[in-house]
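J.:
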Amino acid sequence: MMKKTLFQLHWLFGITAGLVLAVMGITGALYSFQEELLRAFNADVLTVEVRAEGVLPPAELVRRVEAAQGDTVSMLWVDVREGNAARIFFTPPPGERRGALRYADPYTGALKGEAAGQGFFNLMLKLHRFLAMGDTGRQITGACTLMLVFFCLSGLYLRWPRKPLNWRTWLTLDWAKKGRAFNWDLHAVAGTWCLVIYLLFAITGLFWSYEWYRSGLNTLLADQSAAGQAHKRGEGRARQGPPALDNNAPARTVDYDAIWANLKQAAGPGLASYNLRLPALGGQPANLFYLLEDAAHPRAFNTLVLDPATGQIKRHDRYTDKSFKAQLLQSVYALHVGEYFGLPGRIILTVASLSMPLFFVTGWLLYLDRRRKKRQVRAARGTVDSQQVSRDSWLIGFASQSGTAEQLAWQSAGQLQAAGLPVQVRPLADVGEHDLRQARRALFVVSTFGDGEAPDSARGFERKVLGQPWALNELNYALLALGDRQYPHFCGFARRLQAWLGERGASTAFSAVEVDNADQAALQRWQQQLAQLTGTQPISAWQPASFGNWTLVQRQLLNPGSLGGPVYLLGLRAEQPVSWEAGDLVEVLPLNGKPRIEAFLKGMALDSEAAVRIDDLPLTLAQALAGRQLPSRREHLVGLHPQAVVDALAPIGSREYSIASIASDGLLELIVRQERHADGHLGLGSGWLTEYLPLDGSVSLRVRRNSGFHLPQTAAPMVLIGNGTGLAGLRSLIRARVNAGEPRNWLLFGERNRAHDLLCAQELQGWLDNGELARLDLAFSRDQAEKIYVQDVLLQQAEAFKRWVADGAYVYVCGSLHGMAAGVDAALKGMLGEETVQRLIEDGRYRRDVY
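The opening residue of the sequence shown carries number 0 in numbering that gives the first Met the number 0; numbering runs sequentially from there.
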């Protein structure tokens, strides 16, 4: 709960204060090298010739510049060693803190011209300190600086890995990541690099923002004898308004010769520069700051407080005489701009300051990505309003394994609601006796998993509801059953549901519609039956999402030298942005490769370039056969002309694959094993994707929602179990969890040999080292005499697994149905008991994507 709260505050403050901090970062970086930049562009003004006789004494320098300017000097800043022009400030007008600034040659007293760019840097300073908005802006920048402290500390907590001593986890950026994943990585890694610097910026910058903070630092750091006066002197003192004028005060007199003599005596031969600040009125002390050649840093000034009329020294504070903490207090400005650490420190702090907008930009991109995903979730529900539930509402219950039944249920609800009928859409797992007794009209959209089984999400409904002796005489229902006729028990679960409803007295609105592999004719019949029930015609026939053109941009062999079939990581990019959730699937329309087409045409006396047509589209025979199912026996086709051959062959159906990436990666990735048949030909789908489809070639593909394999809606541990290319679905889930900052992930993965078949090994090890995988247990069946499979490793870790389940873990299984998935299911029942496994399924904590 604490982590979630910190995360919410982190992004909330980030999208509000981030822009101000970005402005402060850029302006601060520009101002930090003000002197060097001004000198580079104004060499004729700010650079003077060094003369052997030395700089003029203050008395002579002041006399000459006052005569030339016609005004009284209030401050001198003179470099006595280098060829830098002296800075002369004259008496400020009433109500102003500082007067005009002029540059002068300290060796001759000649006034120099104006320095181009000085106004720009003055504006940068005003923007940096108070957004050029006066005291209101100062409060804003102060509050944002406090937020910067919060960003640093909360960001450190939010990304704290399980292995904090691994420096790569903290400081290395994965350039292979794309989209949201890269933005998150950049935000976190760059934040770690800049963490200490930003904390330094904040704790020193607050010195100029709040009096309470400044007083606290003085109390904490100033030496005891100077604690009461520390805030009135030094480079980091508070910037107050102009001093109040006292009309009765005596006129100011200055003995420059006495001041110069005392300065030379105090500083000795090592004097490098001095800054004389004169009071506005007589009877007040002057402050003389001087820097020695061997000073610790450019702001390590020694201070003389003296009587300007006589030059008599009242107090002499040497930087080296102060305690370390008092030196830090005097060096607040030097620490803030990096001068304390020399030129390398200034450069590093400037680069970090210029990087401030990076966090604002990446933070906003991450925020907008979360908003976009939330909109997509809402859009997936369409415009259906299922909140107003009454006895007259249509109950629409669905049972879905891969998401198709859920999608059709919402489409059915939309059609009813468009006719003005109230609806409530519920998963069957949430439908009980009260719902069925109260409802008068219902639609059931249910799929069958495997050979006649209920989908995982509906197992509890079948166990608790089917067989109950409830009287449902008032219920009138319709049933849409989804299945696959290759299984003996086609639509087995739907038929059991229908039989039970009939036994309980429920009546059917029309005969059940059974759909074989999303057959469009059957779905249109269902839609027409609903139209007759509502008395309105549907606006348009339901159509699944159309296949889009995707480009293959990456194909990487993951298991060179393996005893098994080659496994490839494929990267595909859509023509238009497409979004999906971790756990979703794709349907690919493969094509026959050229060798398969040539083998089919051999001996048939047909010209591969013969002209044919498909849906009025002119094609060559070879092009047409690429999209047709080519039978192994061709006797019935011998003697037919090319068009007749094409017409006699059925189109190739789609192939399903688990998505191995998340939408923010920027690429849709698949992990596909190349299948090879006994006759030497490659499998249709895998052969097309891994061999025949060229890089930068186009493939027809569409994304399909698989809600039964999505991430938990609440924060919880996850145990992910898979083998072979089943890693694809698990990889997308782990990536989504990593992006969400959830490290409680345990992966159990099995393959043949560790040396060749540890797919995505570097990525898995990186997650483990970074603490983004809490555990990684591997099973390699061929690395020892006795074969060890992933379910065997699961049994070996039974106690740890039970603890995870007791802590609320969700279990995800992805891979082969026969063998791995069945073995894992048996292992779970052996460890936890059938009743517990059944409860995990019913609660949605045991989810499978198997094939």
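Yeah, the Cβ is synthetic: ideal placement off N, Cα and C, and Gly gets one too. The structure displayed is predicted, hence computed values, not measured ones.
Helix, strand or coil, according to DSSP, for R238 in the structure here?
T.: In this prediction, R238 scores a pLDDT of 45, lower than 50, which makes its location untrustworthy; the coordinate-derived value is nonetheless stated afterwards. Three-state DSSP puts R238 in coil, outside helix and strand.
J.: Can you tell me where the beta strand (DSSP E) holding P617 begins and where it ends?
T.: Counting along the chain, the beta strand (DSSP E) containing P617 begins and ends at 616-619.
J.: In whole angstroms, what is the alpha-carbon distance linking A457 and A398?
T.: Cα to Cα, A457 sits roughly 6 Å from A398.
J.: Just how far apart, CA to CA, sit L145 and Q223?
T.: So the alpha carbons of these two residues sit roughly 28 Å apart.
J.: Under a three-way DSSP split, which group does I811 fall into?
T.: The displayed chain sequence assigns Tyr, not Ile, to residue 811. Residue state, collapsed to three classes: strand.
J.: Considering only the alpha carbon of each residue, which of T319, A573, L277 lies closest to F546?
T.: Nearest C-alpha to F546: A573.
J.: State the DSSP-derived secondary structure class of G112, mapped to helix, strand or coil.
T.: Three-state DSSP puts G112 in coil, outside helix and strand.
J.: If you compare alpha carbons, which of R627, R96, R62 is closest to F599?
T.: Of R627, R96, R62, the residue nearest in Cα terms is R627.
J.: Look up T135 in the DSSP assignment and give the residues it is bridged to.
T.: Answer by DSSP bridge pairing: none, since T135 is not bridged.
J.: In terms of residues, what are the limits of the alpha helix (DSSP H) holding N121?
T.: Element bounds for N121: 117-129.
J.: Grouping DSSP H, G and I as helix and E and B as strand, with all else coil, what is F448?
T.: Residue state, collapsed to three classes: strand.
J.: Which complete beta strand (DSSP E) runs does the segment 476-530 hold, if anything under 3 residues is left out?
T.: Qualifying beta strand (DSSP E) stretches, in chain order: 512-515.
J.: Can you tell me where the alpha helix (DSSP H) with S731 in it begins and where it stops?
T.: From DSSP, the alpha helix (DSSP H) with S731 extends over 726-738.
J.: Touch check for the segment 689-700 and the segment 728-738: three-plus C-beta pairs under 8 Å?
T.: The segment 689-700 is not in contact with the segment 728-738.
J.: On the DSSP bridge assignment, give the partners of Y845 in chain order.
T.: BP columns for Y845 point to V810.
J.: Tell me, please, which residues DSSP counts as bridged to S272.
T.: Answer is D78, L290.
J.: Can you give me the Cβ contacts of C490 inside the same chain, cut-off strictly under 6 Å, excluding the 5 residues immediately before and after it?
T.: Closer than 6 Å at the Cβ level, and outside the excluded window around C490, lie T447, A480, G482, E513.
J.: Expressed to the nearest angstrom, what Euclidean distance is found between the alpha-carbon atoms of G98 and T71?
T.: Rounded to whole angstroms, G98 to T71 spans 10 Å at the Cα level.
J.: Going by DSSP, name the residue or residues bridged to S657.
T.: For S657, which the question treats as bridged, DSSP gives the partners L584.
J.: Which value, in whole angstroms, describes the spacing of the CA atoms of S401 and P343?
T.: Straight-line Cα distance between these residues: approximately 58 Å.
J.: What span of residues does the beta strand (DSSP E) with R632 cover, start to end?
T.: Taken as a continuous stretch (DSSP letters only), R632 belongs to no beta strand (DSSP E), as it is neither H nor E.
J.: For my contact list, R866 and H680 are in at a C-beta cut-off of 8 Å; report their separation, rounded to the angstrom.
T.: Nothing about residue 866 can be reported from this structure: the residues present for the chain run from 0 to 850 only.
J.: Examine the ligand HEM and report whether any of its heavy atoms sits within less than 7 Å of the Cβ of V514.
T.: Absence of the ligand HEM is noted for the structure shown, with no ligands found whatsoever.
J.: Using the Cα positions of G843 and H817, report the straight-line distance between them to the nearest angstrom.
T.: Taking the straight line joining both Cα atoms gives about 22 Å.
J.: Name the one or two DSSP bridge partners that Q423 has.
T.: L394.
J.: Quick one: grab the DSSP three-state call for P650.
T.: DSSP places P650 in strand when its eight states are reduced to three.
J.: Straight-line CA distance for L20 to V304?
T.: So the two alpha carbons sit approximately 38 Å from each other.
J.: First and last residue of the beta strand (DSSP E) that includes V566?
T.: Looking at the DSSP string, the run of the beta strand (DSSP E) that includes V566 is 566-573.
J.: Give me the Cα-Cα distance between Q526 and G413, rounded to the nearest whole angstrom.
T.: C-alpha separation (whole angstroms): 11 Å.
J.: Which ranges would you report for the beta strand (DSSP E) in the segment 302-375 if only whole runs of at least 3 residues count?
T.: Listed in chain order, they are 312-316.
J.: Please go through the same chain and pick out, in chain order, the residues whose beta-carbon is closer than 7 Å to the beta-carbon of L726, but skip the five residues on each side of it.
T.: If we look at L726 and ignore the five residues flanking it on each side, its Cβ neighbours are I670, F748, L758, C759.
J.: Classify Y603 as helix, strand or coil using the three-state DSSP reduction.
T.: The sequence given here has Met at residue 603, not Tyr. If DSSP states are grouped into helix, strand and coil, M603 belongs with coil.
J.: Span of the beta strand (DSSP E) holding A555?
T.: At residue 555 the sequence reads Gln, which differs from the Ala that was named. Where Q555 is concerned, the enclosing beta strand (DSSP E) stretches over 547-556.
J.: Once you ignore the five residues that flank S815 on each side, which residues in its own chain have a CB closer than 8 Å to its CB?
T.: Result list for S815: N722, G723, G725, V849, Y850, in chain order.
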